[in-house]
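For reference, the structure is listed below as structure tokens.
Chains as they are written, first to last, in the UniProt record's numbering: chain S, 1 to 388; chain C, 1 to 258.
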């Protein structure tokens, strides 16, 4: 899932690209959310005592619980969510999907075994890994959203790509996903942790693509090539090339083609490495034109919600009704404008930018030095133990 | 280097009190026109611009442009140690790590000296265009404070309407509604108590009361406050000081576009 280590690379090299703040700061903004991934998250995270929530008849309701309450949290904070569902996975992803399948099968086996012999923790761990989103669960979420008056669209292919396209076209302020590869699809702004539970108190991360690319000194193509080297969903990586090397290689050679030409014998490039196809997929993803998509935020269907959530799924009626009230209120309230809507930032002078870059580099160097020190200390602390 | 002396520490104390709830950290930009500050609150709904001109100080010396990145809560802590009538001197090197503050009491020969650690703040400045406002209203600052406080008890937002006859503040909340109107009046004996309206065209906008109440903390800076309104631009609220000002800009609330 996502791009391995990309967040770290950006935060080390372009700290200005990442802002974190309270969910409240995003009031009045429309956001495109990767629904399929959110549902998966809910199935994993919305649990009680390690078990998925279930209705009386034994059907899982974690996904609906998550969808309902976490969407409400956004509405309460003045955010207008637009959900995007996955379409067909791209053929290139089949390798990755097969791997995930295998892992799930393994986890199921592990789960069975843990049931017999393992501890409670082990059982929970494997139970989480066996989670897959079923078609029915996806359908139920669509039905719930419809009743809540929250719009959703179907992506022709990858949902992240469609979210990015919506943000790029200016239809929404940002794309919300945990997957960093949303940035590769050219989402100008990526929001992370938006669908997390309130109790986790995770600040919302806001990652700006433009600033990240400036900080790294990369063009979009170079940025994508970096991501492919770091490891994406669509092809393997070159063994032994980690974040540091990947960054260095692209900085030096500017493209994967050139990197391959200059790569020493030390590295074994995978045979038939489809990096060009992966790049193509990032550059020209299969998405619908954002302008042609039709979506609207509407008043919730209160009776429908009660019928579905309370009668069919055993939710508490009072809570569902109060939730519906919040939805109505959220739809009505006027939006607070921001200063940037009226006053434009004065662009920084060249000197200021250079000064800032210098400061960033200094900070990064300082951080590295400290990291080394602590590593060294850890090693030292370990030594006597090894001696025993 | 910077060296700037204020006759009365109270001036800086009041300025900091007025803005410290809106912004936590900000740069004080010192140059040959005086000390300036521009900052937005976290959600970028409001902006504060402060200018203490060189005349506010005697003497004032600033050889190079210096940005002093200051945590306002820390500055307030230190300023609490100053009496209102103390002479206050600000000093800083050209590329400073600290801001030095000296408080001298006129009555006894007490000299107190404090250093505040500075911080690196990466701030973006907004260009504020000169605007010809549809309506400009000058009124007693205490009156404005009272209106905001009273209406805040009822609602989150207030609609401000300026017309030829007067300015009307009204709100609607869960428990009911309220409205306060000030008619244009010119108090010859006490000009500070006048309400003066300069109108190009009638205008009405809605604003968040939470922010307005917050701005009113600047009321101690000046007896009068000036509100400038135009359709679809931020409200400007100005508190004038003897040689300088504190200005607040607040983005309006807009009805839904769909």
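Every residue, glycine too, gets a C-beta built ideally from N, C-alpha and C. For clarity, every value in this text was computed on a predicted model and none was experimentally measured.
Where residue i falls: helix, strand or coil (DSSP)
i: residue 179 (chain S); result: coil
i: residue 20 (chain S); result: strand
i: residue 87 (chain S); result: coil
i: residue 274 (chain S); result: coil
i: residue 27 (chain C); result: strand
i: residue 139 (chain C); result: strand
i: residue 391 (chain S); result: No answer is possible for residue 391 (chain S): the residues shown for chain S start at 1 and end at 388.
i: residue 355 (chain S); result: helix
i: residue 211 (chain C); result: helix
i: residue 265 (chain C); result: Here chain C covers residues 1 to 258 and nothing more, so residue 265 (chain C) does not appear.
i: residue 165 (chain C); result: coil
i: residue 343 (chain S); result: coil
i: residue 365 (chain S); result: helix
i: residue 53 (chain C); result: strand
i: residue 217 (chain S); result: coil
i: residue 150 (chain S); result: coil
i: residue 250 (chain C); result: strand
i: residue 240 (chain C); result: strand
i: residue 40 (chain C); result: strand
i: residue 127 (chain C); result: strand
i: residue 222 (chain S); result: helix
i: residue 142 (chain S); result: helix
i: residue 180 (chain C); result: strand
i: residue 155 (chain C); result: coil
i: residue 167 (chain S); result: helix
i: residue 5 (chain C); result: strand
i: residue 374 (chain S); result: helix
i: residue 160 (chain C); result: strand
i: residue 174 (chain S); result: strand
i: residue 46 (chain C); result: strand
i: residue 34 (chain C); result: strand
i: residue 117 (chain S); result: helix
i: residue 307 (chain S); result: helix
C-beta atoms of residue i and residue j nearer than 8 Å
i: residue 99 (chain C); j: residue 116 (chain C); result: yes
i: residue 207 (chain S); j: residue 189 (chain S); result: yes
i: residue 230 (chain S); j: residue 6 (chain S); result: yes
i: residue 268 (chain C); j: residue 228 (chain C); result: A query on residue 268 (chain C) cannot be resolved here, the shown segment of chain C reaching from 1 to 258 and no further.
i: residue 365 (chain S); j: residue 211 (chain S); result: no
i: residue 389 (chain S); j: residue 255 (chain S); result: Outside the shown range of chain S, which is 1 to 388, sits residue 389 (chain S), and nothing can be said about it.
i: residue 173 (chain S); j: residue 31 (chain S); result: yes
i: residue 181 (chain S); j: residue 227 (chain S); result: yes
i: residue 82 (chain C); j: residue 9 (chain C); result: yes
i: residue 29 (chain S); j: residue 79 (chain S); result: yes
i: residue 34 (chain C); j: residue 47 (chain C); result: no
i: residue 320 (chain S); j: residue 327 (chain S); result: no
i: residue 197 (chain C); j: residue 231 (chain C); result: no
i: residue 281 (chain S); j: residue 90 (chain S); result: yes
i: residue 63 (chain C); j: residue 1 (chain C); result: yes
i: residue 300 (chain S); j: residue 72 (chain S); result: no
Exposed unless 16 or more other CB atoms sit within 10 angstroms - verdict on residue i
i: residue 322 (chain S); result: exposed
i: residue 119 (chain S); result: exposed
i: residue 208 (chain C); result: buried
i: residue 330 (chain S); result: buried
i: residue 61 (chain C); result: exposed
i: residue 18 (chain C); result: buried
i: residue 217 (chain S); result: exposed
i: residue 258 (chain C); result: Residue placement at residue 258 (chain C) is flagged as unreliable, the pLDDT there being 39, under the threshold of 50; the coordinate-derived value follows with that caveat. Residue 258 (chain C) is exposed by the Cβ-count criterion.
i: residue 101 (chain S); result: exposed
i: residue 219 (chain C); result: buried
i: residue 188 (chain C); result: exposed
i: residue 175 (chain C); result: exposed
i: residue 96 (chain C); result: buried
i: residue 388 (chain S); result: A caution first: residue 388 (chain S) carries a pLDDT of 47, below 50, which makes its placement in the model unreliable, though a value can still be read off. Burial call: exposed.
i: residue 41 (chain C); result: buried
i: residue 58 (chain S); result: exposed
i: residue 147 (chain C); result: buried
i: residue 276 (chain S); result: exposed
Residue i: CB within 7 Å of a non-hydrogen atom of the ligand PLP
i: residue 372 (chain S); result: Inclusion of the ligand PLP in the displayed structure is not the case, the ligand content being empty and no account of it being possible.
Contact belief for residue i with residue j at Cβ below 8 Å, rounded distance in angstroms
i: residue 72 (chain C); j: residue 12 (chain C); result: With a Cβ gap of about 11 Å, residue 72 (chain C) and residue 12 (chain C) do not count as contacting.
i: residue 27 (chain S); j: residue 336 (chain S); result: 6 Å
i: residue 154 (chain C); j: residue 127 (chain C); result: Not really, about 36 Å apart at Cβ, beyond 8 Å.
i: residue 157 (chain C); j: residue 225 (chain C); result: No, residue 157 (chain C) and residue 225 (chain C) are not in contact; Cβ-Cβ is about 19 Å, not under 8 Å.
Note to self: As an exercise, report each continuous beta strand (DSSP E) stretch of at least 3 residues that is fully enclosed by the region 58-122 of chain C, in chain order.
What the structure shows: Counting only runs of 3 or more residues that sit fully inside the region 58-122 of chain C, the beta strand (DSSP E) segments are 66-71, 87-92, 98-104, 111-117, in chain order.
**Prompt:** What are the start and end residues of each continuous alpha helix (DSSP H) run of 4 or more residues lying completely inside the region 230-304 of chain S, in chain order?
**Reply:** At a cut-off of 4 residues, the continuous stretches assigned as alpha helix (DSSP H) that sit fully inside the region 230-304 of chain S are 243-253, 256-262, 275-283.
Inside the UniProt domain "XPG N-terminal" (1-107) of chain S only - alpha helix (DSSP H) runs reaching at least 4 residues
Taken in chain order, the complete alpha helix (DSSP H) segments of 4 residues or longer contained in the UniProt domain "XPG N-terminal" (1-107) of chain S are 6-13, 35-45, 62-76.
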